[in-house]
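Asks: Residue numbers for the sequence shown follow full-length UniProt numbering, so the first one is 1 and each next one is one higher.
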Amino acid sequence: MNWDSVQRTARDAGYIVYAMDQSQTDAMTMPGPWGNAYSGYCMGMAVRWIWLRYQGRDFPYNSSTKVYAETDWRATAIQNIYEDEDKSNYAEHWEKSTGAYHMTISEGLQLTRMNRPSGAFVNLMLTRSEGCYGISLKREGGGHAIAAQNEGGKTFRLFDANYGHFVASGADTFKDFLDWYFQATGYEERYKKATFICGVNAPQ
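Right, here's the structure in full:
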């Protein structure tokens with residue numbers, strides 16, 4: 001996998017758990033049974049990562065190279081569920097997508113802002129309760145899904161199928177990381193329409 005400047009900077013600063021890039025995986029570069037996931041499967045990857053985290057697991061990355069370069073077919077299946085939904089209802093598309101793993105979204109942990117993402121906005125929700133969260137970043141004509149985790153109130157994690165899995169110690173450090181991340185990735189400028197975040201309950 002080819003690392004970009006965002007991943008290299010995060011690695012050098014000690015934030016990266018592993019790097020990945022969905023656009024370099026087989027689902028987006030090779031023929032296969034991917035369905036609508038051929039053009040991206042960020043929602044599927046975010047949901048799959050949340051489920052794995054609730055099992056105390058993660059994608060099987062290479063701990064030596066800090067790279068995850070495989071295609072998780074289960075994530076492509078979830079993406080197809082998402083693609084069949086009305087994407088204008090942010091809560092509903094997370095509910096449908098997480099439901100495939102017997103997870104639900106929390107009615108009391110949902111927040112929408114008709115603006116670009118920021119560390120302060122994400123942390124406003126993330127610091128309310130431990131657990132995993134789904135995040136939708138919206139622009140005119142499209143969007144992107146990422147995920148986050150509050151682990152014990154001390155460790156905070158971000159997962160993004162475009163860049164990888166990142167970790168920070170403490171809410172303030174995580175906020176600063178997110179502010180840098182949203183700017184460095186261009187998300188701050190690209191996804192200006194809306195930001196939605198919801199708590200995802202552990203599978204039952």
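Backbone N, C-alpha and C fix where the C-beta goes; we use that ideal spot for every residue, glycine too.
Determine the burial state of GLY153: buried for a count of at least 16 other Cβ atoms within 10 Å of its Cβ, exposed for fewer.
Replies: Flag for GLY153 reads exposed.
Asks: Quick one: residues in its chain with C-beta nearer than 6 Å to the C-beta of ALA161, no 5 flanking neighbours on either side, listed in chain order?
Replies: So the list reads GLN22, CYS42, MET45, once near-sequence residues are dropped.
Asks: Our contact map puts PHE177 next to PHE159 with C-beta atoms below 8 Å; I'd like the distance itself, whole angstroms only.
Replies: That belief does not hold up - the Cβ atoms of PHE177 and PHE159 are roughly 13 Å apart, past 8 Å.
Asks: May I ask you to verify whether the segment 48-62 touches the segment 8-16, counting CB pairs closer than 8 Å and requiring at least 3?
Replies: Because the criterion of three Cβ pairs below 8 Å is not met, the segment 48-62 and the segment 8-16 do not touch.
Asks: Measure the alpha-carbon distance for GLY131 versus ILE105 and round it to whole angstroms.
Replies: About 11 Å.
Asks: Measure the alpha-carbon distance for SER129 versus GLY186 and round it to whole angstroms.
Replies: About 28 Å.
Asks: Please give the ranges of any alpha helix (DSSP H) in the UniProt domain "Peptidase C58 YopT-type" (135-191), keeping only runs that are unbroken, at least 4 residues long and fully inside the region.
Replies: Counting only runs of 4 or more, we get 171-184, 187-190.
Asks: Which residues does DSSP pair with THR195 in a beta bridge?
Replies: BP columns for THR195 point to ARG113, LEU137.
Asks: For ASN123, which beta-bridge partners are listed by DSSP?
Replies: According to DSSP, ASN123 bridges with nothing at all.
Asks: Whether or not the segment 61-81 and the segment 169-183 are in contact is what I'm after, with contact meaning three or more pairs of Cβ atoms, one per stretch, closer than 8 Å; do they touch?
Replies: Flag = no, the segment 169-183 and the segment 61-81 do not touch.
Asks: Using a Cβ-Cβ cut-off of 6 Å (strictly less than) and excluding sequence neighbours within five positions of PHE59, which residues of its own chain qualify?
Replies: These residues qualify, in order along the chain: TYR68.
Asks: Bridge partners for GLY131 per DSSP, in chain order?
Replies: According to DSSP, which records beta bridges pairwise, GLY131 is partnered with ASN150.
Asks: Tell me the rounded alpha-carbon separation between ALA91 and SER5.
Replies: The straight-line gap from Cα to Cα measures roughly 33 Å.
Asks: Output the boundary residues of the alpha helix (DSSP H) element that contains VAL47.
Replies: Counting along the chain, the alpha helix (DSSP H) containing VAL47 begins and ends at 42-54.
Asks: What residue range does the beta strand (DSSP E) around VAL17 cover?
Replies: Element bounds for VAL17: 16-19.
Asks: Secondary structure at SER97, three-state DSSP: helix, strand or coil?
Replies: The answer is helix: DSSP assigns SER97 an H, G or I state.
Asks: Please return the same chain residues whose Cβ sits closer than 8 Å to the Cβ of TYR191, not counting the five positions on each side in sequence.
Replies: So the qualifying residues of the chain are ARG116, PRO117, LEU137, LYS138, ARG139, GLY143, HIS144.
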